[in-house]
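Reviewing the structure listed below.
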Amino acid sequence: MKHFLLYFTALVLLPFQLLSIEKNAMVEDIINNVNIDSLSHTIKILSGAEPYRAGDTTAIIKTRLFDSDDNLEAANFLMNKLSSYGLDAGLYECGIKCENVIAVQRGSEFPDIYVIIGAHFDSYSIQGGNAPGADDNATGSAVVMEAARLLSEQQTSYTVIYALWDAEESGMIGSGYYARQAKLNGDSVLVVINCDMLGWDGNNGNKMDIHTKNVGVSVRAADLCKELNELYEIGLNARIVNPGISSSDHESFLSRGISAIFLTEDHDVSHSDVNHTGSDLFENLTLDYYLKNAKLAIATISQFATGADSFISSVEDGDTAENSINVYPNPASEYSTIKLYLNESNYVDIEVYDSYGKLISNVYSGYPDAGHQSFNLSGINSFGSGVYYCTVLIGGMVQTKKLVVLR
Ligand SMILES: [Zn+2]
């Protein structure tokens, strides 16, 4: 009976693992170390509740209104703090008087593929210069800083970018500039996690939303984020909204075909009534709720930074990347080919997995020329009947195609 049960379990569960995730000791450790005092300290400094000390000088950041001196002070505070974690951090001009704060942590295995966690640090208020912006968006900024504090102690497979975008409130200028440059440079960005407003829970409902759109692997990334909330019992009432709202920095990426998700507090039932006023203060945040959001965002970037391989191999048919891919003939018996069209020469890696997630064949890895290319799925005549998954990685983007083999 025992043997039968084991066999039965393996048969039922293994194919499912292709679509799901397992606990990862490093991610779990990071979640357990997300610290509310550390998060609160950053929010208090950014929103003027505590002074910012640099060398001999002490300053209060009274506002983070774009183009104000205090906002530049905030940028310097964030950059210095990121540098203190040993990261390569700097201010990067993103327009007139616009300064993004960016820190880079090189991946050990895939240094040319980026995963990004970002938040805007500027604020806005209908009362002009009185714009403490504790929830909007010192909460998101502090999550990016906390992710940097914890992940910088680990070796990551992929390159992690910690981004604090300027001038979101003036039309997503900082993130727009960054996304445009990433596109021009041909950067391989696997996914962007945008954090904006994570600390308001007016009805103690623990509700939060993961907004996304059908771009690249975004929807699968949103699914994974939601799964992490359950897997690590973070305790949020998380919902995926697709198509989600466009009114934050993730839209700068989605609109350019780069995968992104947006984590934010519920705006339908418990919308912040102090948003964009001088009362958006630290004391109005719901800290236990905020801590949960911080854990989820940091779990998600940690999962991508270390275990994106499992994410990549679980992307299902129907996901779209920029370059189109076809498997023909399909179903197949003696032979099949993967045909793709490359807009430009790029790193391509093609593998075939069986329905248990086991690697069956390394078909190709290299840099083919731009244009139409086809790759023989050699050895298919030795495959048993069944469903197989061809994963095609082009730059940082992955598509998975089902291949049915009939005997
Ligand atoms: Zn915001």
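Each residue of the sequence shown is one higher than the one before, counting from 651 in my numbering.
The beta carbon of each residue, even a glycine, is placed where N, CA and C say it ideally should be.
If you compare alpha carbons, which of the options is closest to residue i?
| i | options | result |
| --- | --- | --- |
| residue 773 | 803, 741, 949 and 818 | 818 |
| residue 745 | 764, 689 and 831 | 831 |
| residue 981 | 760, 932 and 1036 | 1036 |
| residue 887 | 851, 911, 908 and 865 | 851 |
| residue 750 | 757, 722, 693 and 838 | 722 |
| residue 893 | 859, 874 and 955 | 859 |
| residue 1001 | 781, 759 and 977 | 977 |
| residue 766 | 990, 1006 and 952 | 952 |
| residue 849 | 1008, 784 and 706 | 784 |
| residue 1016 | 999, 926 and 1028 | 999 |
| residue 760 | 828, 1007 and 1046 | 1046 |
| residue 906 | 827, 943 and 699 | 827 |
| residue 689 | 1043, 708, 790 and 1031 | 790 |
| residue 768 | 706, 1004 and 797 | 797 |
| residue 778 | 863, 873, 717 and 671 | 717 |
| residue 874 | 686, 910 and 757 | 910 |
| residue 1049 | 1027, 948, 1055 and 865 | 865 |
| residue 677 | 950, 1034 and 1009 | 950 |
What are the partner residues of residue i, as DSSP defines its beta bridges?
| i | result |
| --- | --- |
| residue 708 | 703 |
| residue 1041 | 1001 and 1050 |
| residue 912 | 844 and 861 |
| residue 887 | 857 |
| residue 1062 | Nothing about residue 1062 can be read from this structure; the chain reaches only from 651 to 1057. |
| residue 815 | 770 |
| residue 738 | 754 |
| residue 1025 | 988 |
| residue 649 | The structure shown does not extend to residue 649, since the chain is modelled only from 651 to 1057, so the question has no answer here. |
| residue 838 | 763 |
| residue 809 | 764 |
| residue 975 | 990 |
Out of curiosity, what's the CA-to-CA distance linking residue i and residue j?
| i | j | result |
| --- | --- | --- |
| residue 814 | residue 691 | 17 Å |
| residue 1038 | residue 985 | 13 Å |
| residue 753 | residue 729 | 8 Å |
| residue 684 | residue 788 | 16 Å |
| residue 912 | residue 983 | 43 Å |
| residue 891 | residue 861 | 5 Å |
| residue 877 | residue 675 | 16 Å |
| residue 780 | residue 824 | 22 Å |
| residue 845 | residue 822 | 13 Å |
| residue 1052 | residue 843 | 28 Å |
| residue 847 | residue 786 | 5 Å |
| residue 972 | residue 929 | Summary for residue 972: the model assigns pLDDT 48, below 50, so the residue's position carries little reliability; its value from the coordinates is reported in the next sentence. Distance between the alpha carbons of residue 972 and residue 929: 44 Å. |
| residue 903 | residue 934 | 31 Å |
| residue 1025 | residue 1005 | 21 Å |
| residue 755 | residue 841 | 15 Å |
| residue 922 | residue 882 | 27 Å |
| residue 945 | residue 800 | 11 Å |
| residue 924 | residue 775 | 10 Å |
| residue 979 | residue 1031 | 13 Å |
| residue 833 | residue 739 | 21 Å |
| residue 889 | residue 681 | 20 Å |
| residue 686 | residue 916 | 20 Å |
| residue 1014 | residue 810 | 26 Å |
| residue 699 | residue 782 | 9 Å |
| residue 1042 | residue 1012 | 11 Å |
| residue 991 | residue 975 | 7 Å |
Since residue i and residue j are thought to touch, with beta carbons under 8 Å apart, how far apart are those beta carbons, to the nearest angstrom?
| i | j | result |
| --- | --- | --- |
| residue 794 | residue 812 | 5 Å |
| residue 693 | residue 932 | 6 Å |
| residue 919 | residue 989 | Not quite, the Cβ-Cβ distance comes to about 48 Å (not below 8 Å), so this is no contact. |
| residue 714 | residue 771 | 6 Å |
| residue 741 | residue 725 | 6 Å |
| residue 696 | residue 711 | 6 Å |
| residue 816 | residue 748 | 5 Å |
Can at least three beta-carbon pairs, one atom from the stretch 801 to 815 and one from the stretch 867 to 876, be found at a separation below 8 Å? no
Does the stretch 1019 to 1037 come close enough to the stretch 989 to 1006 to have 3 or more Cβ pairs within less than 8 Å? yes
Just checking, does the stretch 925 to 940 make contact with the stretch 893 to 913 on the three C-beta pairs under 8 Å criterion? no
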